[in-house]
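Just add 1259 to the spot in the sequence shown (first one is 1) and you have our numbering.
Remarks on the structure that follows.
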Amino acid sequence: MFDYLAERSLEGCPPKEAEIATDVFGRDASMVAEDSSVRVYVHRLRKRLEDFYLRGEPCDGPRLVLPRGEYCFQLEEPIAHSTPATDGQEPGKPSSRNLIRLLSGALAGAIVIIAILSANVWTSADKAEGAQFDYTVSPIWSPLADSSRPLILVVGDYYIFGEYEDGLFLTRLIRDFDISSREDLSNFLLSDPAGSQSYADVSLEYLPVSIAHAMSDFAPLLDASDARIVQASQLSPDALRCCDIIYIGLTSGFGLLQETVFAQSRFQLGQTFDEIVDSQDGTDFVSEAFLSSPGEAMYNDFAIFSYQEGPTGNHIWVFAGTRDTGLMGLSEVMMDDSWLEEELDVGVLVPGYEAVFKVTGQRQQNLVTRLQREHVPGDD
């Protein structure tokens, strides 16, 4: 996508949406009107460019931009550094003679930028020395401004234990939804002593790949708020009382948080962790991600966001997908204030707010995120 737009921009021939769909994605021209892939990927590319200039070193020269509603790169001069117009040149814009030279240089550098950002690599070197993410004015994060509690980012990990043959040889690793920690395994073995000959802790946990994507989206908040990261399997009951908590993970990874999150919720998990049920009208949101194949078939996944008060008045935010696609789609839009203002009723976030989203995916990538249900306390 980037290379294609760069080439067309240098040629001075901006492509149309239909051309991108057919040339880049190989779509059928007759189906372009029903396919939002181009708009989604262009939006992501624009956001990555904006994030680069926000997080990177201060830049006094021209910036590479992808204007909304357009499919052509442009160079934008900072207004504060505009120079007087000469030979009819409009102030603040490079001359046409220099445009190709500047654009070529900017595009060459940006190719490296986009490649890095597309891989979701974010290091401390990328942190902005200038303006940081201001969570105090965000419709989602503003409650943090008045809180003096420590902030914990809980990631939904999964505990794995080993099965041994003859008590000596490790034969396989097991993930059991009823055994989510070393303590759970110990309790299981106490209730079934014979199992101690076959099962043992092997000090292994894993995280879904979607959490890596979500952490990239949440990087500005983590930098600004000094949050501590804790695995869900290691979360203590005391932390539920003393700290503000942000959960990022799948609906199957809540661990100790699950009872607290859904105790007063309008939404509940279904018979499997692939289901979110609206208890008010019985609607069952079932993920199709497990049916997806490596092919081009599109599918729907789901995600839930909630904000509530904990047992001591602490704050708890939940960002959970039924599968990876749902979480990736949710984290991307929930860190986009302009999207929030247009799509959600979160002008004043109040405890008990909840929303369910449908995330359309393809080849394990989130394409479009749409609101399905929104519960605002007091509006019932």
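We put the beta carbon where it would ideally sit given N, CA and C, even for glycine.
Checklist entry - With distances taken from CA atoms, which of Pro1274, Phe1513, Leu1481, Pro1496 is nearest Trp1400? => result Leu1481
Checklist entry - Which whole-angstrom value is the C-beta distance of Val1297 and Ile1279, which I expect to be below 8 Å? => result 5 Å
Item to check | Span of the beta strand (DSSP E), counted from its first residue to its last, around Ile1507 | outcome: 1503-1509
Next on the checklist: To test your reading of the DSSP string, which unbroken beta strand (DSSP E) runs of 3 or more residues are found completely within the stretch 1549-1576?
Outcome noted: 1557-1568
Checklist entry - Helix, strand or coil: which one does DSSP assign to Leu1608? => result coil
Checklist entry - Which word fits Phe1544, buried or exposed, when buried means at least 16 other C-beta atoms lie within 10 angstroms of its C-beta? => result buried
Next on the checklist: DSSP three-state label for Gly1421, please.
Outcome noted: strand
Item to check | Identified DSSP bridge partners for Ala1579 | outcome: Gly1508, Ile1563
Checklist entry - Under a Cβ-count criterion, where at least 16 other Cβ atoms within 10 Å of its own Cβ denotes burial, should Gly1285 be classed as buried or exposed? => result exposed
Checklist entry - Would Gln1567 be called buried (16 or more neighbouring beta carbons within 10 Å of its own) or exposed? => result buried
Checklist entry - Since Phe1544 sits in a beta bridge, which residues does DSSP pair it with? => result Ile1535
Checklist entry - Going by alpha carbons, who is nearest to Ser1457 out of Pro1467, Tyr1465, Ser1445? => result Ser1445
Item to check | Beta-carbon spacing of Ala1453, Gly1421 below 7 Å | outcome: no
Item to check | Reduced DSSP category for Glu1336 - H, G, I as helix; E, B as strand; rest coil | outcome: coil
Checklist entry - DSSP beta-bridge partners for Tyr1458? => result Glu1422
Checklist entry - Candidates Ser1462, Arg1431, Leu1427, Tyr1423: which alpha carbon is nearest Arg1441's? => result Ser1462
Checklist entry - Grouping DSSP H, G and I as helix and E and B as strand, with all else coil, what is Thr1628? => result strand
Checklist entry - Which of helix, strand or coil does DSSP assign to Lys1275? => result coil
Next on the checklist: Can you list, in chain order, the residues of its chain with a C-beta nearer than 8 Å to that of Gln1527? Leave out the 5 residues immediately preceding and following it.
Outcome noted: Phe1521, Ile1535, Val1536, Ser1538
Checklist entry - Would you call the stretch 1424-1433 and the stretch 1492-1502 in contact, with 3 or more CB pairs under 8 Å? => result no
Next on the checklist: With distance defined between alpha-carbon atoms, name the residue in Asp1595, Ser1455, Asp1393, Arg1408 nearest to His1574.
Outcome noted: Arg1408
Item to check | In DSSP terms, what Ala1614 is bridged to | outcome: Phe1564, Glu1633
Next on the checklist: For a test of the three-state rule: what should DSSP assign to Tyr1330, helix, strand or coil?
Outcome noted: coil
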